[in-house]
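Down below is the structure, laid out as structure tokens.
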Amino acid sequence: MCSIIGYKGKNAAAPILVDSLKRMEYRGYDSVGVATFDSGSILVRKGTGKVIEVNKNLNIDQMAGKIGIGHTRWATHGGVTDKNAHPHSACKNDIAVVHNGIIENYRELKEELASSGHTFASETDSEVIAHLLEIHYNRGVKKAMIETCKRLQGNYAFVAVFQDGTIGGARYEEPLIIGVANDGYFVSSDVLGFLEYTDKAIFLENGDICIVDNSKLEIFDFEGKPIAHPITQVAWELGDIDKGKYAHYTLKEINEQRLTVVHAGRQDEAVMNKFCDILAGAKDIYITGSGTSYHSALIFKHMLARFGKIRAETVVSSESQYALASMDDKSVLVAISQSGETADVLDTVRLARNQGAEILSIVNVTTSSLARVSDGCLSTNCGPEIGVAATKSFTGQLALIYNITDRLCKNCLETERAEFAVVVENIVANQASIMKVAVQMKDASDIYLLGRSLHYPIALEGALKLKELAYVHAEGIAAGELKHGPLALMEKNTFVIMINPRDATFNDTISNAHEIKARGATVIGISDRKDDVYDYWIEIPHLKEEAYYPIAEVIPLQILAYQLALAKNADPDYPRNLAKSVTVR
Ligand code: F6R
296 MCSIIGYKGK NAAAPILVDS LKRMEYRGYD SVGVATFDSG SILVRKGTGK
346 VIEVNKNLNI DQMAGKIGIG HTRWATHGGV TDKNAHPHSA CKNDIAVVHN
396 GIIENYRELK EELASSGHTF ASETDSEVIA HLLEIHYNRG VKKAMIETCK
446 RLQGNYAFVA VFQDGTIGGA RYEEPLIIGV ANDGYFVSSD VLGFLEYTDK
496 AIFLENGDIC IVDNSKLEIF DFEGKPIAHP ITQVAWELGD IDKGKYAHYT
546 LKEINEQRLT VVHAGRQDEA VMNKFCDILA GAKDIYITGS GTSYHSALIF
596 KHMLARFGKI RAETVVSSES QYALASMDDK SVLVAISQSG ETADVLDTVR
646 LARNQGAEIL SIVNVTTSSL ARVSDGCLST NCGPEIGVAA TKSFTGQLAL
696 IYNITDRLCK NCLETERAEF AVVVENIVAN QASIMKVAVQ MKDASDIYLL
746 GRSLHYPIAL EGALKLKELA YVHAEGIAAG ELKHGPLALM EKNTFVIMIN
796 PRDATFNDTI SNAHEIKARG ATVIGISDRK DDVYDYWIEI PHLKEEAYYP
846 IAEVIPLQIL AYQLALAKNA DPDYPRNLAK SVTVR
């Protein structure tokens, strides 16, 4: 969604803030802004665009002051305009605020504030925070923070800088983390905001307020009661977010997947055992996730049933409020999320918890809210994923799901991980042949992806990648459903990708390919076996363990979506209208 950062210390704030915003830009990237406090005044510079562009135009990193706040925006309320960019000030310019989340009661607050003489400069929900703070600021920063938080409904984290040089932050259902450096403090939505400067972090909880005043940190609740949280040491590897030799993060992350498979296999024995014991002892299991992580949930369900003889339900997280009625204190919810901050997933966890269920999670960010509220949590260990489209994190989730399944079925899978890692490396290397297909598909307006069994979730995932990276209508279909409707869409100019390895689904899917070809559509086969029915064949290696095909199939689809994005001049790292971490409902 948005990223927020505050800094108060001994160094110039603006260059630090700009640097931090660059590292957190994956969270939101339509506008940027910074406010610094210098010689008794608050200065604000903000505009639309990416951090590098806005900084180049406005010289943000040259702003004076050792205290400041910064923001990258992913618009929710109000268009993408300079005025709607954060920070927001109130009437007297004695406060500036950056906010992540949604203030649900902003309309009534705005009306109330306007009727008492406040004028608004933006269309955002966030600006009400600045005006509320302003009303109470004459009673001190602490009072202003408490009274403001008491009036806000919704989910939020905000950081404000006040005209006396104090920084205040508050958290409610959105992450906010304090970085404790030798010479100052950070208040940030993500550890990446300060990891270059310190690995010491304090994770604020819901309902916490913090104030950094004269280099002193105070944390208290909405009633003003002091709170003590431990300082946690965060792994430095999280900071490894360099693009290296690659043109885009997405390409780097696609290329890293050999290591992803290896790293997902490195699990702490005790944590893994506890996770599997909870699963094995559950009366019923629900698996949830959003977007790509939901596709992993579908594969997990299939793996548990086929190899573990364990029944599980999948629930797409945004639908969970209508779907968990039968859950109770003998149920287990497995939540899958790369970021561990997706609002729909966290809502599902809350619901399950209220019904007494145990919570297991699979995350990539081990410092995330989801990881912290789980009874057992396994990490995909694939390092920061910056490209907005999930690529290596999906592979990491699948590799981990294979591990868990293998444990539950007492080593029934062929797990030659090192061998499989080499296979993955070869698939990643096969980019030239996929490029040829991308060239043919450049002007396609409709792409259908068909697969059965474990390959159906890959059809869904491939379609999602094509939509978000290449802005093309793409649809994943269970191949057996073709005759129940979608066949009517097959004609010349339609592209159909058949996900069709040599397993029990092969012959039926080949029959579907013939039916499609007979209607004039172009057929692309992703398979370890060539067939005349394919107009184009994307070869994948034959695998000893059939269950691993989804990883072999999804990588060519990621590459295809990436190359189509380039062919259409779209930025694969920052697809329009999307954000990496969807922390709103
Ligand atoms: C797709 C994508 C999204 C995320 C979804 C869930 O490429 O990135 O669909 O998968 O927003 O995010 P996490 O896994 O962080 O909960």
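All you need for the numbering used here is the position in the sequence shown, starting with 1, plus 295. We put the CB at the ideal spot given by N, CA and C, even for glycine.
D537 versus I657: straight-line alpha-carbon distance, rounded: 25 angstroms
Alpha helix (DSSP H) runs contained entirely in the segment 496–572, provided each spans 4 or more residues: 544–550 and 552–559
DSSP-derived helix/strand/coil call for S669: coil
Check whether I605 and I580 have beta carbons under 8 angstroms apart: yes
Cα-Cα separation, T661 to E680: 13 angstroms
Closest residue to I742 among K778, A716, E714 and I792 (Cα-Cα distance): I792
Extent of the continuous beta strand (DSSP E) run through E608: A607 to V611
Cβ neighbours of T800 in the same chain (closer than 8 angstroms, five flanking residues each side left out): G746, R747, S748, H750 and A774
Beta carbon of V611 nearer than 8 angstroms to that of L628: no
Residues sharing a beta bridge with F453, DSSP: H394 and A465
K687 vs T878 beta-carbon contact at 8 angstroms: no
Neighbour-count burial assignment, G363, 16 or more Cβ in a 10 Å radius: buried
Buried/exposed call for D356, threshold 16 Cβ in 10 Å: buried
L761: CB within 7 angstroms of a non-hydrogen atom of the ligand F6R: no
Whether T367 touches G323 by CB criterion (8 angstroms): yes
Any beta strand (DSSP E) of 3 or more consecutive residues that is wholly inside the segment 726–754: 741–746
Cβ neighbour criterion (16 or more within 10 Å) applied to H809: exposed
Three CB pairs or more closer than 8 angstroms across the segment 455–464 and the segment 501–514: yes
Start and end residues, alpha helix (DSSP H) containing S806: F801 to A813
Near the ligand F6R: A847 beta-carbon under 7 angstroms from a heavy atom: no
Inter-stretch contact (C-beta, 8 angstroms, three-pair minimum) for the segment 753–773 and the segment 835–849: yes
Whole-angstrom C-beta distance between F498 and I514, which should lie under 8 angstroms: Rounded, the Cβ-Cβ distance is 11 angstroms, inconsistent with contact.
A684 beta carbon near the ligand F6R (any heavy atom closer than 7 angstroms): yes
Touching by the beta-carbon criterion (3+ pairs, under 8 angstroms), the segment 392–401 and the segment 414–421: yes
Exposure of A452, with buried meaning 16 or more beta-carbon neighbours within 10 Å: buried
Limits of the beta strand (DSSP E) - the one that I819 falls within: T817 to S822
Three-state secondary structure assigned by DSSP to L404: helix
Q853 beta carbon near the ligand F6R (any heavy atom closer than 7 angstroms): no
Top-ranked residue by Cα proximity to K578, from G342, S621 and V566: S621
Residue environment, K737, which counts as buried when at least 16 other CB atoms sit within 10 Å: exposed
Cβ-based neighbour list, G328, same chain, cut-off 6 angstroms, excluding 5 preceding and 5 following: K341, H366, A380, H381 and P382
Endpoints, the beta strand (DSSP E) within which H837 is located: Premise fails: H837 is in no beta strand (DSSP E) and is neither H nor E.
In chain order, each alpha helix (DSSP H) run of at least 4 residues that lies wholly inside the segment 341–401: 346–353
Residue interval of the alpha helix (DSSP H) (run including G682): Counting along the chain, G682 falls outside any alpha helix (DSSP H), and DSSP gives it neither H nor E.
Residue range of the unbroken alpha helix (DSSP H) whose run includes E848: Y844 to A862
Helix, strand or coil at E614 [DSSP, three-state]: helix
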